[in-house]
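S.K.: In UniProt numbering, the protein residues as written are 1 to 174.
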Amino acid sequence: MADSRFQREFLDAHNTYRKLHGSPPLVLSSELNAAAQRWAEHLLSLGLLSHSDTSNGENIYTAMKSDPLTAKDAVDAWYEEVSNYSWSSPGFRSNTGHFTQVVWKESAQLGVGVATAGTRSYVVAQYHPAGNMTMPGFFERNVLPKGSSGGSGSNNSSSGGGATTTSHKECTLL
Numbered sequence: 001m002a003d004s005r006f007q008r009e010f011l012d013a014h015n016t017y018r019k020l021h022g023s024p025p026l027v028l029s030s031e032l033n034a035a036a037q038r039w040a041e042h043l044l045s046l047g048l049l050s051h052s053d054t055s056n057g058e059n060i061y062t063a064m065k066s067d068p069l070t071a072k073d074a075v076d077a078w079y080e081e082v083s084n085y086s087w088s089s090p091g092f093r094s095n096t097g098h099f100t101q102v103v104w105k106e107s108a109q110l111g112v113g114v115a116t117a118g119t120r121s122y123v124v125a126q127y128h129p130a131g132n133m134t135m136p137g138f139f140e141r142n143v144l145p146k147g148s149s150g151g152s153g154s155n156n157s158s159s160g161g162g163a164t165t166t167s168h169k170e171c172t173l174l
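1. Three-state secondary structure (DSSP) at N15?
2. Given 8 Å as the limit, is there contact between the stretch 115–126 and the stretch 38–50, that is, 3 or more CB pairs closer than that?
3. Report the residue ranges of all alpha helix (DSSP H) runs contained in full by the stretch 90–123; include only those spanning at least 4 residues, in chain order.
4. Have a look at the DSSP bridge pairing and note the partners of V143.
5. Under 8 Å Cβ to Cβ from P136, same chain only, skipping five residues before and after it: list those, please.
6. Please work out which residues of its chain come closer than 7 Å, Cβ to Cβ, to A117, disregarding the five sequence neighbours upstream and downstream, and give them in chain order.
7. Determine the DSSP secondary structure at residue 175, reduced to helix, strand or coil.
8. When you compare the CB positions of N59 and H98, do they come within less than 9 Å of one another, or not?
9. Assign Y61 to one of three DSSP states: helix, strand, or coil.
10. Are at least three pairs of beta-carbons, each pair with one atom in the stretch 93–112 and one in the stretch 27–41, less than 8 Å apart?
11. Taking the alpha helix (DSSP H) that N33 falls in, what are its first and last residues?
12. Can you name, in chain order, every residue of its own chain whose Cβ lies under 6 Å from the Cβ of G153, other than the five neighbours on each side?
13. Checking 9 Å against the spacing of the C-beta atoms, do A2 and Q126 come in under that value?
14. Among the residues of its own chain, which have a CB less than 7 Å from the CB of S52, if the five just before and after it don't count?
15. What number of angstroms, rounded off, separates the C-alpha of N84 from the C-alpha of S23?
16. Pick from V102, K146, A115: whose alpha carbon is nearest that of N132?
17. I need the straight-line Cα distance from A71 to Y17, nearest angstrom please.
18. From what residue to what residue does the alpha helix (DSSP H) around Y79 run?
Given below as structure tokens:
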């Protein structure tokens with residue numbers, strides 16, 4: 001279960017990256033925390049990696065490691081996709097969907113759930129409103145280059161991305 005320290009570290013890691021891209025800070029949602037926790041426990045019990053049926057955005061991280069999992073491990077793995085993002089041709093791509101959800105400007109709330117058994121851990125993040133909206137102009141408005149000025153926003157929602165990450169930092173979008 002994601003304790004308050006893990007939740008704070010998770011939120012801080014998101015907001016550090018969001019600030020770099022001119023996105024306003026997220027706030028933790030107890031409702032999203034509960035939903036993300038239920039889904040993380042479900043994934044662990046089945047040993048699967050799949051998205052829930054939420055209308056919120058969702059990123060999923062899984063790792064097998066003997067050292068303790070940190071909240072920053074998951075957020076850093078998702079953010080690393082920034083190196084694949086095409087700033088000259090903004091839009092959704094399977095190798096950048098986690099990054100774009102992390103910094104999506106119109107997302108305002110965040111929830112996190114963690115489930116661990118032995119060396120296997122699942123981290124589920126849920127975002128509201130969801131990012132990765134594919135309507136014209138949405139990526140240009142919501143995924144800004146580093147150094148962009150901040151602002152606020154909240155509009156529609158759809159779905160985010162999901163990831164599997166091993167200790168080798170291999171990511172796959174579901």
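Each residue gets a CB set at the ideal place from its N, CA and C atoms; glycine is no exception. A quick note: this is a predicted structure, and the numbers were derived from the prediction, not measured.
M.R.: So, from the listed chains and residues:
1. Looking up residue 15 in the sequence shown gives position 15. Three-state DSSP puts N15 in a helix.
2. yes
3. 97–103
4. On the sequence shown, position 143 is the one that residue 143 refers to. V143 pairs with nothing; no bridge assigned.
5. Position 136 of the sequence shown, counting from 1, holds the residue named residue 136. Contacts found: none.
6. In the sequence shown, counting from the first residue as 1, residue 117 sits at position 117. Spatial neighbours of A117 in its own chain (CB-CB distance under 7 Å, excluding positions within 5 residues in sequence) are listed in chain order as L44.
7. The shown model of the chain, from 1 to 174, leaves out residue 175, and the question about it has no answer.
8. Residue numbering aside, residue 59 sits at position 59 when the sequence shown is read from its first letter. Residue numbering aside, residue 98 sits at position 98 when the sequence shown is read from its first letter. The criterion of a C-beta distance shorter than 9 Å is satisfied by N59 and H98.
9. Mapped onto the sequence shown, residue 61 falls at position 61. Strand.
10. yes
11. In the sequence shown, residue 33 corresponds to position 33, counting from 1. 30–46 is the span of the alpha helix (DSSP H), which, as asked, contains N33.
12. Here residue 153 refers to the residue found at position 153 of the sequence shown. Interpretation of G153 is limited by its pLDDT of 38, a score under 50 that renders its predicted location unreliable; the figure taken from the coordinates is listed afterwards. The residues are K105, E106.
13. In the sequence shown, the residue the question calls residue 2 occupies position 2. In the sequence shown, the residue the question calls residue 126 occupies position 126. The Cβ atoms of A2 and Q126 do not sit closer than 9 Å to each other.
14. Locating residue 52 in the sequence shown gives position 52, counting from the first residue. The residues are W39, E58.
15. Taking the sequence shown and counting its residues from 1, one reaches residue 84 at position 84. Taking the sequence shown and counting its residues from 1, one reaches residue 23 at position 23. Spanning the two alpha carbons is a distance of roughly 19 Å.
16. Mapped onto the sequence shown, residue 132 falls at position 132. The option with the nearest alpha carbon to N132 is V102.
17. Along the sequence shown, read from residue 1 onward, the residue named residue 71 stands at position 71. Along the sequence shown, read from residue 1 onward, the residue named residue 17 stands at position 17. When rounded, the distance between both Cα atoms is 14 Å.
18. Within the sequence shown, the letter at position 79 stands for residue 79. Its alpha helix (DSSP H) spans residues 71–79.
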